[in-house]
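Each protein sequence line maps, in turn, to chains A and B. Numbered per the working numbering, the first sequence spans residues 1 to 365. Numbered per the working numbering, the second sequence spans residues 1 to 151. C-beta atoms are modelled at their ideal positions from N, C-alpha and C, and glycine is treated no differently. Every value quoted in this text rests on a predicted model; they were computed, and no experiment measured them. Notes follow once the structure below has been shown.
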Amino acid sequence: MLDRVRRDVERNALRARNGIKLVAGVDRPGVGQTPKDVVWQRGRTQLWHYRNDPDTYGGVRYGPPLLIVFSMVSRSYILDLTPGNSFVEQLLNAGFDVYMLDWGEPDERDAGNGLEDYVDDYIPAGIDRVLELSGADEVNLFGYCFGGDLALLYAAHHPDAPLRSLTVLATPVDFRHMGPLADIFAVGGMDVGSVLDADGNVPPSVVVQGFRALTPTAEVTRYVTLWERLWNDDYVASYQAMTGWSDDHVPFPGAAARETAEMLVRNNGMVDDRLTVGGDRVHLSDIQVPFLTVRANRDHIVPPDATAPLIDLVGSPDKHELCLDAGHMGLVVGRTAAKTTVPTIIDFVRRRSDPLDADDTREEA
Amino acid sequence: MTQPPAPRTPPPSPPLWRQAFDAAERAVAPRAEDLVRSEYFSLATALLRRAQTVAGSSVQGVSARAWHLLNLPAGSDISRLRAQIGSLDREVRRLTIQLEQERRRGSTSRPHSSRPTTATTTEDSDADGAQPPDGARSRPARRRAQRPSGS
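In structure tokens, the structure reads:
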């Protein structure tokens, strides 16, 4: 009894200390810390090259390089959350040369950006720059969340694309199952124009509210769990990093939002084969490169029903699906990611890559 | 002689208040999720948003007329100007990217993008510190992909 009282007093003292830290916003864990260089930039879009330092990560041991295409509604640091809990770090440790295409924070200059801008301009330009820097002839392309949709559209619209393989994570294709955010456009008939901000983009608050509506009670549960574990320093650090990311979205370019609502949500274009990019009809069945889709069955942002049909839509003879008992973030951060997701992805890509000889590795480093 | 493993202590059960919260959450969550996924919720949200937009644009129209009476630009004029500048910026950006691709294609003779090129003028690239000012230079290939794409 005395022990329990003592434990409760200690925990309440720790709660008070961590609560003050949380409210004051001090002692936030550093995110996105893996060393990288900006190797190309156009508008708000940047191409990052992560340094595969031989002393830290063992240098580049496999080619061709990996290019990650990130989502358009969130911040890319989720893939490089904290040291020791980083998807990118694991890829570097596995011997890959890793690049990331980050869309930055769109403003009024990006309001007119349609999906075509990303699929036909930015991704090809990013790939060209990767090939130029690495000297390789192909890349292994990764798409995360909506970045996976962009990667799919790119691969389908450019059958001659220099891709060794295509991997997509938590990528929705059946937008009928995307929950309230999709329903208000598909069922409610709402016009995208009515949610646009003065800068012509969908404000981040609309995106956040849309995702929150998927699990209406999760917000309350989150605070209750935080109060329960506020004494635990590790939990608080992880809470700050994870919820910091899930509340931190970026504006969605207006023209791309209109296309998404019309083509992907109302017409359910991916599943019903009604896709158009830059005026051309596009078919996912035209994707013939080795393909891996990774999805989570407890995903509350991209529900499992939205990702499930993808494997059957892609035309690749060499295609695989990995369905994990994880949530949206759990696919790329945390224990499930470290033990299952990333090793499976690494294995898939490594089997379709070439080991580089020692001279190449030294030169690359 | 090895010691038998100590019996694992079960994790402590959550406090009573947490158990009560979990029970309440289990009862409420499915109903709340059904509600937000219902057709009525979507229609109501869309109608509400439409009403907000109509109200907002009416107020904006009145205030714009007031500013125009004083021969001053209104917020809507600035928004229109921003959109026009944005559109121009996008055009320049797209042309620059297509020009870059053409340059690279010329230097590496690697066909990649299937887009037709519309750029006919040369534009200075905007602020790319990582790229040489005289355009991207390709490095000699050190390794080749051994698998044709699509295999």
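Local conformation of Pro111 of chain B per DSSP, three classes:
Below a pLDDT of 50, predicted positions are generally treated as unreliable, and Pro111 of chain B, at 47, falls in that range; the measurement from the model is reported next regardless. Note: Pro111 of chain B maps to coil in three-state DSSP.
To the nearest angstrom, report how far apart Glu228 of chain A and Val236 of chain A are at their CA atoms.
Each residue's Cα considered, the two are about 11 Å apart.
Run the CB neighbour count on Asn201 of chain A, radius 10 Å, all protein chains shown included, and call it buried at 16 or more, exposed below.
buried
Through-space distance from Thr171 of chain A to Pro106 of chain A, alpha-carbon basis
Here the alpha carbons of Thr171 of chain A and Pro106 of chain A stand approximately 21 Å from one another.
Roughly how many angstroms separate the alpha carbons of Pro216 of chain A and Asp34 of chain B, rounded to a whole number?
10 Å
Check this for me: beta carbons of Pro290 of chain A and Arg350 of chain A, under 8 Å apart or not?
Not a contact, by the Cβ cut-off of 8 Å.
Note down, in chain order, each residue of its chain lying with its Cβ closer than 7 Å to the Cβ of Val277 of chain A, except the 5 sequence neighbours on either side.
Correct list, in chain order: Leu115, Glu116, Val119, Asp120, Leu153, His157.
Taking CB distances under 8 Å as the criterion, tell me whether Glu102 of chain B reaches chain A.
no
With 7 Å as the C-beta to C-beta threshold (strictly closer), list the residues of the region 15–42 of chain B near chain A in chain order.
Arg18, Phe21, Glu25, Val28, Ala29, Ala32, Glu33, Val36, Arg37, Glu39, Phe41, Ser42
Ala256 of chain A: first and last residue of the uninterrupted alpha helix (DSSP H) it sits in:
254–259
Could you tell me which residues DSSP puts in a beta bridge with Trp48 of chain A?
A:Val38, A:Met100
Are there 16 or more other CB atoms within 10 angstroms of the CB of Met242 of chain A, so buried, or fewer, so exposed?
buried
Where Ile301 of chain A falls: helix, strand or coil (DSSP)
coil
Beta-carbon spacing of Ala296 of chain A, His320 of chain A below 8 Å
Result no, Cβ atoms of Ala296 of chain A and His320 of chain A do not sit closer than 8 Å.
Below 8 Å CB to CB, which residues in the same chain sit around Gln41 of chain A once its five sequence neighbours on both sides are set aside?
Leu47
Could you tell me whether the region 14–29 of chain B touches the region 189–203 of chain A, where touching means 3 or more Cβ pairs closer than 8 Å?
no
Go ahead and pull the three-state DSSP assignment for Glu321 of chain A.
strand
How far does the beta strand (DSSP E) with Tyr118 of chain A in it extend, from its first residue to its last?
Looking at the DSSP string, Tyr118 of chain A is not in any beta strand (DSSP E), and its letter there is neither H nor E.
Which complete alpha helix (DSSP H) runs does the region 236–288 of chain A hold, if anything under 4 residues is left out?
254–259
Expressed to the nearest angstrom, what Euclidean distance is found between the alpha-carbon atoms of Gln288 of chain A and Leu141 of chain A?
It is roughly 13 Å from the alpha-carbon of Gln288 of chain A to the alpha-carbon of Leu141 of chain A.
How should Ala257 of chain A be labelled, buried or exposed, when 16 other C-beta atoms within 10 angstroms of its C-beta is the threshold for buried?
buried
So what does DSSP say about Asp27 of chain A, is it helix, strand or coil?
coil
Starting from Gly143 of chain A, follow the beta strand (DSSP E) in both directions and report where the run begins and ends.
139–144
May I ask you to report which of helix, strand or coil DSSP gives Pro204 of chain A?
helix
Range covered by the alpha helix (DSSP H) that runs through Val168 of chain A:
Element bounds for Val168 of chain A: not the alpha helix (DSSP H) but the beta strand (DSSP E), 163–169.
At a CB-CB cut-off below 7 Å, which residues of chain A make contact with Ser13 of chain B?
Chain A residues near Ser13 of chain B: none, gap ~12 Å exceeds 7 Å.
Spatial neighbours of Val265 of chain A within its chain, please: CB distance less than 6 Å, with the 5 preceding and 5 following residues excluded, ordered by chain position.
Taken in chain order, the residues that qualify are Phe175, Ala182, Phe185, Ala186.
Taking Cβ-Cβ distances shorter than 8 Å, what residues in chain A pair up with Asp89 of chain B?
Gly43, Arg109
Along chain A, in chain order, which residues have C-beta atoms closer than 7 Å to that of Ala83 of chain B?
Glu108, Ala111, Gly200
Indicate whether at least one CB of chain B lies closer than 8 Å to the CB of Glu89 of chain A.
no
Where do the N-terminal and C-terminal ends of the beta strand (DSSP E) with Arg295 of chain A fall, by residue?
291–296
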